[in-house]
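Visitor:
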C-alpha cells in the first residue's frame, strides 16, 4: 500500500539524536515503505526561514520522493510572501509550513493572521504546528479565508480533544497525529467528534521522530483496510493534487 | 496475536510494520495502570487492561490501581494487591502519597510486608518538586528499604538529588529531547534506568545503549493511556543485538525482581 508522509523535516535538530541530511530521509522511506514525504527544512523552522527554504530546494531538486513545504515566518509576512512564491515557482514545493513555538506567535495574534493571509493567497495547503488550546480559534480563522486548507500538525498535541472538535466544525481542517507521546484513543475520539476519515492524514515528524512511531499509531487505530488507505496516502494525494500512481514527483 | 506465532507472510512484506513480530516481544512492561482517571474521557478497568495486553506482544507487567495515586494510597495499595492476586501476568506496584508523607512509613512497611519491590511516585499528579520535604522524606524511607523507585517527572530535576545514594530508579518520563542529560547521570549511576516510551528519535535507543549499555533501559508503555504499538515497534526496529533487545524488554526487570 502506498504511503505519503505529510509531516517531515530535513536537517539537524538540537537534541542528542542523529537527524542526518536528505539522504537520511530517503533511507527511512525505504526502510518503512513510504513512497513520498513532504518536508520542511529544520533550519527554516528554528533559525532562518529564507535560507533554510533555499537550502531545502537544493536538496529537493535531485530527490523526487521528497516534496517541500516553504516555511513562513509570521513575524515577517512580506519577506515570507515573496519567498513562498519563489519556492512554489520552483515546482518542488507543494505547501507552506508555519511553526508557532520558534517564531513565538500563536493563532489569535495579528502576525499569525497575516501569515494565514499569505498562505491563503498562495492557494496551497498549510501545515501548522499545533500544540495547545489555541486550536479552537482555527475554524474562524480558516472560514474567513476562502480556499485555505490547514493541516493541524500533531493534531493539537496535548489539546487533541480541542483539535478534534475544531476539525469536526470546519471541513477545511485536517488532522495529522504525529508526536512522541502517543496518547491512546486520539483517532477514535476525533471520529466520534465527527471528523471524517477523509480529513485524517499520515505524518511522522521525521527525522526528528522515527517513522515507526506514527506507523504504530496507525496500527492501533482500528482502521479498516479502506480507511487505512485513505489515511496513509489517498487523502494526501487529493489534498496536494499529487499524480497517481505515486512514483515520485517530477523534477522540473 | 501471540508473539510466538507471528504472521511472517506480512512481516516480510511492504507493510511489515502492520503486524507484530517476535522482535516486539516484551517480557515485562513496568508502566501499567488501571482504574478511574478523571482527566480522561473514559476509564479503563483491570479486565479491559488485561484483555488489551493479552492481545499485544506484552507478556507481563508491573501494575497498580489509580486509586492509590489519585485518592487514597493505603486503600489503593490494598486494592492493587487484592486485584492482582488473581492475575499471574501482573505484579503489584505500590505507591505513597508525598502530600501526606508523615504516613509514608506505614505505607512502605505495608508494602514491604506484602513483598512489593516497586514504589511508584506520582509527583506530577501530587504537585511535588524535588526539594519538597514530603517528597524527600518518602524517597529516603524507600531507599532505606531497598525499594525500586518508578519515578515520573523530569529526570533532569529529580535525578541529581538521587545520585550518590545507591538508588535503583526507573525514570518513566524520559523524553528523547532530554536523553543527553539522562546519560550524563547514568554514566555515574549504575542503578539509573529509563523507559523507552518517549525515546522517539531515530537512534535514541541506540545512543543510550551505545553510551551506557542496555542495562539502563527498560520497557514501560503507560498502558492504557498510550498506544502500545509505537513503543513495541521502536524496540523492534532499533539497531540492537538480540541480547540487547532482550535485556531491555525482559531481563533488566527480572534482575530487579530477583
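Protein chains in written order, with the UniProt record's numbering: chain P, 1 to 252; chain H, 1 to 258. Ideal Cβ placement from N, Cα and C applies to all residues, glycine included. None of these values were measured; they are calculated from a predicted model.
(1) Quick one: is residue 170 (chain P) near chain H, going by C-beta distance under 9 Å?
(2) Which chain H residues sit within Cβ distance under 7 Å of residue 33 (chain P)?
(3) Might you give, ordered along the chain, the residues of its own chain that have their beta carbon closer than 8 Å to the beta carbon of residue 158 (chain H), omitting 5 neighbours on each side?
(4) Between H:99, H:134, H:102, H:92, which lies nearest to residue 116 (chain H) when the distance is taken from Cα to Cα?
(5) Using the Cα positions of residue 147 (chain P) and residue 169 (chain H), report the straight-line distance between them to the nearest angstrom.
(6) Taking all protein chains shown into account, decide if residue 41 (chain H) is buried (16 or more other Cβ within 10 angstroms of its Cβ) or exposed.
(7) Please classify residue 51 (chain H): is it buried, with 16 or more other beta-carbons within 10 angstroms of its beta-carbon, or exposed?
(8) Go through its chain and collect everything with a Cβ distance to residue 17 (chain P)'s Cβ below 7 Å, but skip five positions before and after it.
(9) Write down every uninterrupted run of the beta strand (DSSP E) in the segment 112 to 169 of chain H whose length is 3 residues or greater and which is fully enclosed by it, in chain order.
(10) Note down the Cα distance separating residue 88 (chain H) from residue 120 (chain P), rounded to an integer number of angstroms.
(11) Going straight from the alpha carbon of residue 163 (chain P) to that of residue 104 (chain P), what length do you get?
(12) Name the one or two DSSP bridge partners that residue 92 (chain H) has.
(13) When you compare the CB positions of residue 118 (chain H) and residue 94 (chain H), do they come within less than 9 Å of one another, or not?
(14) Output needed for residue 58 (chain H): all residues of its chain with C-beta closer than 6 Å, excluding positions within five of it in sequence on either side, in chain order.
(15) Note down, in chain order, all residues in the segment 173 to 186 of chain H with a beta-carbon under 8 Å from any beta-carbon belonging to chain P.
(16) List, in order along the chain, the chain P residues whose C-beta lies closer than 7 Å to that of residue 224 (chain H)?
(17) CB residue 151 (chain P) to CB residue 179 (chain P), shorter than 9 Å?
(18) Please list the residues of the segment 59 to 89 of chain H that have a C-beta atom closer than 7 Å to any C-beta atom in chain P, keeping them in chain order.
(19) Run through chain P and tell me which residues come within less than 8 Å of residue 237 (chain H), C-beta to C-beta.
(20) Decide yes or no for the touch test of the segment 81 to 97 of chain P against the segment 54 to 64 of chain P: beta carbon pairs closer than 8 Å, at least 3 of them.
(21) Taking 9 Å as the CB-CB limit, is residue 251 (chain H) close to chain P?
(22) So that I know if they touch, is there some Cβ in chain H lying closer than 9 Å to that of residue 175 (chain P)?
(23) Does DSSP put residue 8 (chain H) in a helix, a strand or coil?
(24) Going by C-alpha to C-alpha distance, which of P:29, P:237, P:3, P:1 sits closest to residue 10 (chain P)?
Guide: Result, derived from the coordinates:
(1) Numbered from its first residue, the first chain carries residue 170 (chain P) at position 170. Chain H contact via Cβ: absent.
(2) Position 33 of the first chain, counted from the first residue, corresponds to residue 33 (chain P). The contacting residues are 14, 15.
(3) By one-based count along the second chain, residue 158 (chain H) stands at place 158. 123, 130, 151, 171, listed in sequence order.
(4) The count along the second chain starts at 1 and reaches residue 116 (chain H) at position 116. The shortest Cα separation from residue 116 (chain H) among H:99, H:134, H:102, H:92 belongs to H:92.
(5) On the first chain, position 147 is the one that residue 147 (chain P) refers to. On the second chain, position 169 is the one that residue 169 (chain H) refers to. Approximately 53 Å between the Cα atoms of the pair.
(6) Here residue 41 (chain H) corresponds to residue number 41 of the second chain, with the count starting at 1. Classification for residue 41 (chain H): exposed.
(7) The residue given as residue 51 (chain H) occupies position 51 in the second chain. Residue 51 (chain H) should be labelled exposed.
(8) For the purposes of this step, residue 17 (chain P) is taken as the residue at position 17 of the first chain. Answer for residue 17 (chain P): no residue qualifies.
(9) 118 to 121, 148 to 151
(10) Translated into positions along the second chain, residue 88 (chain H) becomes position 88. Translated into positions along the first chain, residue 120 (chain P) becomes position 120. If I take the Cα positions, the gap works out to 58 Å.
(11) Here residue 163 (chain P) refers to the residue found at position 163 of the first chain. Here residue 104 (chain P) refers to the residue found at position 104 of the first chain. Cα-Cα distance, rounded: 20 Å.
(12) In the second chain, the residue the question calls residue 92 (chain H) occupies position 92. Per DSSP, H:63.
(13) For this step, residue 118 (chain H) is matched to residue 118 along the second chain. For this step, residue 94 (chain H) is matched to residue 94 along the second chain. Yes.
(14) Sequence index remark: in the second chain, residue 58 (chain H) carries index 58 (1-based). 26, 29.
(15) 175, 176, 177, 179, 180, 183
(16) Here the question's residue 224 (chain H) lines up with position 224 in the second chain. By Cβ distance, chain P contributes 184.
(17) On the first chain, position 151 is the one that residue 151 (chain P) refers to. On the first chain, position 179 is the one that residue 179 (chain P) refers to. No; because the gap between Cβ atoms is not below 9 Å, this pair is not in contact.
(18) none
(19) Position 237 of the second chain, counted from the first residue, corresponds to residue 237 (chain H). In chain order: 31, 210, 212.
(20) yes
(21) Translated into the one-based positions of the second chain, residue 251 (chain H) becomes position 251. Output row for residue 251 (chain H): interface = no.
(22) Translated into positions along the first chain, residue 175 (chain P) becomes position 175. For residue 175 (chain P), the answer is no, since every Cβ of chain H falls outside 9 Å of its Cβ.
(23) On the second chain, position 8 is the one that residue 8 (chain H) refers to. Note that residue 8 (chain H) has pLDDT 35, beneath the 50 cutoff, so the model's placement of it is unreliable and the number below is only indicative. Looking at residue 8 (chain H) - three-state DSSP - the assignment turns out to be helix.
(24) To locate residue 10 (chain P), count along the first chain from 1; it is residue 10. Comparing Cα-Cα distances from residue 10 (chain P) to each of P:29, P:237, P:3, P:1, the minimum goes to P:29.
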